[in-house]
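Notes for the one structure printed next.
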Amino acid sequence: MNNQTLFYITTLVVYGGVDVIACLGLSMQFGVAGVVNFGFIIFQAAGAYTAAVLSLPSDRANGAFQQYVAGLHLPFPVPWIGAAAVGGVLAIPFTGLLSRRLRTDNTAIAMLVTAVIANALITNYRPLFNGAAGVSLVPAPLASAIDPLSLNYQYVYCGVVIAVALATFLVLRRLTASPYGRSLRAMRDNDLAAASIGTNVRGRRTAILVLGGSIAGLSGAILVGYINLWAPSAWTYQETVVLIAALIVGGLGNHIGAVVGALVVPLGFEEATRYIPAFGPPGLVPALEWVIIGSLILTFLWFRPQGLVPERRRILGLASVRNPSTESVDLPSLKESSTDA
Amino acid sequence: MRSTDFQTSTEPAPQSGSGIILRATGLRRDYDGVRAVDGVDLAIGRGRLTGLIGPNGAGKSTTLGILAGTIEPTAGIISYAGRDVTKLGTHGRARAGLLRTFQQASEFKRLTVLENLLSSVPGNPGDSLFGALRGPRHWRQFENEALDTATALLQRFRLEPQANDYAGNLSGGQRRLVEIMRALMARPQVLLLDEPMAGVHPKLAREIGEHLIALRDDGMTILMVEHELSIVDQLCDPVIVMADGRVLAERSMFELRQNTAVVEAYLAG
């Protein structure tokens, strides 16, 4: 395999890993807890911008050709930690949208509108993050240790992305399989009934929005460290639609479905449509990509709403099954036949 | 705070002569100019199975919703176990042991019957973000004990064969049972039931009735909205009658039958 192919493959692994991390965050919110966050991309963007301005030197550097806040020139991993923190903290003001007065569908619309407004503001207000042109020349993490243009750097970055994705998956699976995860799924099914048995619905929604926000923020930091630039065109509200499409295709309510969806939709489909030969007026092929993604959502909603990997039923052992002998004092461990994530 | 904590920490010991566990004073609720509940005063006796009856639109379900915290009152005060809970949200009241069920089936459809039951057990160490992150070792023992309680309850209500079925796939009557069992798993002191037998097969309805009597005999306080007078007649004492958002009377069923205003409320309704 020549170097060009290896660069292509490692780039796909990084993109795929970032999509997987983002989809896992959204899967926890949307699939498990029923929080319909159509503004998810805002949190990824916030993480990317944060990591960018924390790792960039002051904006007077590089001939002062761009404007941005901070410019602290902090070493890795501080920008990534900052990105996760900002993604989480940014979620807090949004929790107001999740109060009981706003129904789920209203919340979804409110988040979508917020994503559009945020993008318009950042595009048109240059002092914050250099407006429509975006921030560029973002330093690659650990550039002093390994040459970012080398193939070795690609391998290391791939390894880090896979490790972060795996850790995210394991943490979220642990949460989802716990009594806490069960109460989130209960809340998703019927929030009023969940409140009436003692679940603090608003508190849990807030926690999940913050958790998903920091995961999204981290995914943004990883992406910006790799592509070294970040602009409003990278985080239009349609990008959230792609992630939601991934969850619907993969299967809502289980994290393996989220991983499969992330690999099939944002990575697989967007990559495959790249090979559509150019035809017709300019702009037709990119528009067709959206037609295909939209059709994919509709097809799955209609023919296979449970997705490629359906949420699995969690079978628990009854006490009478677990304790055939009444003399047994030590309770054997809970039988859970589901391997669902 | 969980219900058990609450019971030990804030609930006063029952005082002689004061057998009231739940009291509502001057409850009012307006919906866009329509007064659904209009100055209701209620006092629910500890360990009693109280019936709440009245024609359609009398304000029974709204009153129950206000007591449980799912509906905010326009005016009025609710005190529970000697404590003003008017400002306490639904989940706070539930944790304090004041639980409700709903008129429409409100089981968690994509949770199994067992999961539905386990979801309401208070005090599970794995039922918090950090508790869950600590892993199964932290909560498995508690979960196993809750599973034992759930199994016993399923046996009592004869739903053990359906334990691992999705609750959403059960019959209407079975779903009502799941909801009642789920409320019981939360170890309530007061149970507010909104037409628990509606849409249930008469045989099953009779069984639910027997269970409610048994629960009352165990010392639980139950307030039950019900349409079917014969059911109320068999189970409830005392009975509160509502009409047009007001309390019309509170007596035993036998006394109510002598009361023409009550008979008229029903005939007119």
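Protein sequences, first through last, are from chains Z and B.
Just so you know, we're using this note's numbering here: the first sequence kicks off at 42 and counts up by one.
Just so you know, we're using this note's numbering here: the second sequence kicks off at 1189 and counts up by one.
Using N, Cα and C, we set each Cβ at its ideal position, and we do this for glycine too.
Residue i at chain Z interface by Cβ criterion, 9 Å
i                : result
P1384 of chain B : no
T1300 of chain B : yes
F1345 of chain B : no
F1246 of chain B : It is worth fixing the name first, because residue 1246 of chain B is Ala in this sequence and not Phe. For A1246 of chain B, the answer is no, since every Cβ of chain Z falls outside 9 Å of its Cβ.
S1307 of chain B : yes
E1303 of chain B : yes
Q1362 of chain B : no
E1443 of chain B : no
S1294 of chain B : yes
P1261 of chain B : no
A1224 of chain B : no
R1370 of chain B : yes
L1252 of chain B : no
R1283 of chain B : yes
G1387 of chain B : no
E1398 of chain B : no
L1321 of chain B : yes
L1255 of chain B : no
D1193 of chain B : Confidence in D1193 of chain B is poor, its pLDDT being 35 and thus under 50, which makes the residue's placement unreliable; the coordinate value appears in the next sentence. Output row for D1193 of chain B: interface = no.
E1414 of chain B : no
L1342 of chain B : yes
T1198 of chain B : Legend: pLDDT at T1198 of chain B = 36, less than 50; position of this residue unreliable, no value from coordinates given.
Under 8 Å from the C-beta of residue i: neighbouring residues of chain B
i               : result
A248 of chain Z : L1317
S224 of chain Z : S1307, D1315
Contacts that residue i makes with chain Z (C-beta to C-beta distance below 8 Å)
i                : result
Y1354 of chain B : R354
R1288 of chain B : S237
E1452 of chain B : Per Cβ cutoff of 8 Å: no residues; E1452 of chain B is ~34 Å from chain Z at best.
Residue i at chain B interface by Cβ criterion, 9 Å
i               : result
L357 of chain Z : yes
P365 of chain Z : Reliability of the predicted coordinates at P365 of chain Z is poor, the pLDDT of 49 falling under 50, and no value is obtained from them.
R101 of chain Z : no
P220 of chain Z : yes
L308 of chain Z : no
R215 of chain Z : yes
L252 of chain Z : yes
V54 of chain Z  : no
G137 of chain Z : no
V110 of chain Z : no
G123 of chain Z : no
G321 of chain Z : no
V212 of chain Z : yes
G35 of chain Z  : This structure does not reach residue 35 of chain Z, given that chain Z is present from 42 up to 382, and the question cannot be answered.
G335 of chain Z : no
G294 of chain Z : yes
V154 of chain Z : no
Proximal chain B residues relative to residue i, where beta-carbon distance stays under 7 Å
i               : result
T240 of chain Z : H1279
Reference residue i, options the options, closest by Cα
i                : options                            : result
L308 of chain Z  : Z:Q45, Z:C64, Z:N44, Z:F48         : Z:C64
L349 of chain Z  : Z:P182, Z:I297, Z:I163             : Z:I297
V176 of chain Z  : Z:N295, Z:V55, Z:I122, Z:V110      : Z:V110
N241 of chain Z  : B:A1246, B:T1278, B:Q1446          : B:T1278
D1336 of chain B : B:M1373, B:S1294, B:V1366, B:D1315 : B:M1373
F1442 of chain B : B:D1432, B:H1415, B:L1423, B:M1430 : B:L1423
G1233 of chain B : B:G1407, B:Y1219, B:R1288          : B:G1407
V332 of chain Z  : Z:Q279, Z:G292, Z:R345, Z:P134     : Z:Q279
A86 of chain Z   : Z:I122, Z:V212, Z:A156             : Z:A156
G1360 of chain B : B:P1384, B:R1370, B:L1342, B:E1348 : B:P1384
T1238 of chain B : B:R1445, B:I1428, B:V1435, B:E1452 : B:I1428
R1363 of chain B : B:K1248, B:T1300, B:I1419, B:G1270 : B:T1300
A74 of chain Z   : Z:L95, Z:A248, Z:V197, Z:M42       : Z:A248
I1410 of chain B : B:E1438, B:L1380, B:V1366          : B:L1380
Check: residue i C-beta below 8 Å from any heavy atom of the ligand MG
i               : result
A313 of chain Z : Annotation note on the ligand MG: not contained in the displayed structure, which lists no ligands.
Proximal residues of chain Z, C-beta to C-beta of residue i below 7 Å
i                : result
R1271 of chain B : Neighbours of R1271 of chain B on chain Z: none; closest Cβ ~16 Å, over 7 Å.
N1312 of chain B : P220
Amino acids of chain Z, ordered along the chain, whose beta-carbon sits closer than 9 Å to that of residue i
i                : result
T1156 of chain B : Outside the shown range of chain B (1189 to 1457) lies residue 1156 of chain B, about which nothing can therefore be said.
T1274 of chain B : Going along chain Z, no residue has its Cβ under 9 Å from T1274 of chain B, so there is no contact; the nearest lies around 17 Å.
T1258 of chain B : L233, A236, S237
A1449 of chain B : Ordered by position in chain Z, no residue passes the 9 Å Cβ test against A1449 of chain B, which lies about 33 Å from the chain.
Report task. Quick one: which residues of the segment 227-238 of chain Z get their C-beta closer than 7 Å to a C-beta of chain B? List them in chain order. Result -> Within the segment 227-238 of chain Z, the residues whose Cβ lies closer than 7 Å to some Cβ of chain B are A227, D230, N231, L233, A234, A236, S237, I238, listed in chain order.
Report task. Count the CB pairs spanning the segment 112-130 of chain Z and the segment 240-254 of chain Z that are closer than 8 Å, and state whether there are at least three. Result -> Taking 8 Å as the limit for Cβ pairs, the verdict is that the segment 240-254 of chain Z does touch the segment 112-130 of chain Z.
Query raised in the report: When the Cβ atoms of the segment 226-242 of chain Z are set against those of the segment 1277-1294 of chain B, are three or more pairs found closer than 8 Å?
Result: Flag = yes, the segment 226-242 of chain Z and the segment 1277-1294 of chain B touch.
Requested in this report: Indicate whether the contact test is met: 3 or more Cβ pairs, each with one atom in the segment 1290-1308 of chain B and one in the segment 1263-1274 of chain B, closer than 8 Å.
Outcome: Not touching, per the Cβ criterion.
Query - Inter-stretch contact at 8 Å, needing at least 3 Cβ pairs: the segment 277-293 of chain Z / the segment 101-115 of chain Z - result: Segments in contact, no.
Requested in this report: Would you check if the segment 1386-1399 of chain B and the segment 262-279 of chain Z touch, i.e. whether three or more CB-CB distances between them fall below 8 Å?
Outcome: Fewer than three beta-carbon pairs drawn from the segment 262-279 of chain Z and the segment 1386-1399 of chain B are found closer than 8 Å, and the two stretches are therefore not classed as touching.
Query raised in the report: Touch check for the segment 1310-1319 of chain B and the segment 1339-1349 of chain B: three-plus C-beta pairs under 8 Å?
Result: These segments do not touch.
Query - Contact set between the segment 1204-1221 of chain B and chain Z, restricted to residues whose Cβ is under 9 Å from the partner - result: Listed by position along the chain: nothing, the set is empty.
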